[in-house]
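The numbering used here applies: residue 6 is where the sequence shown begins, and numbers increase by one.
Note that CB positions come from ideal geometry on N, CA and C, so glycine has one too.
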Amino acid sequence: MHLATYIVRIYRSKKGKPRGIVGVIEQIGVKGRKAFTDCDELWETLSSSKKIRLINKEKKTNFIKQKTNLRSK
Numbered sequence: 006m007h008l009a010t011y012i013v014r015i016y017r018s019k020k021g022k023p024r025g026i027v028g029v030i031e032q033i034g035v036k037g038r039k040a041f042t043d044c045d046e047l048w049e050t051l052s053s054s055k056k057i058r059l060i061n062k063e064k065k066t067n068f069i070k071q072k073t074n075l076r077s078k
């Protein structure tokens, strides 16, 4: 299992509203940043990146299987 590493920068939070945060998140080894404006968006970004990695891993596995099948013919 691959664990991703992130940098989360919180630029501001609303006093009295712990869920009211604003910032950006970066995944180590991946270009780009994603902004978030509350805890829900932060969580969505973290959880969706895991789904994307799983989908990419599945695509890579299928590609290798197809390539192997072509070689065996």
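- When rounded, the separation of the alpha-carbon atoms in A9 and W48 is 14 angstroms.
- Looking at the DSSP output, K22 shares a beta bridge with K19.
- At a Cβ-Cβ threshold of 9 angstroms, L51 and I30 count as neighbours.
- When C-alpha distances from I12 are compared across T42, D45, G37, the shortest belongs to G37.
- Distance between I15 and R24, taken at the CA atoms: about 12 angstroms.
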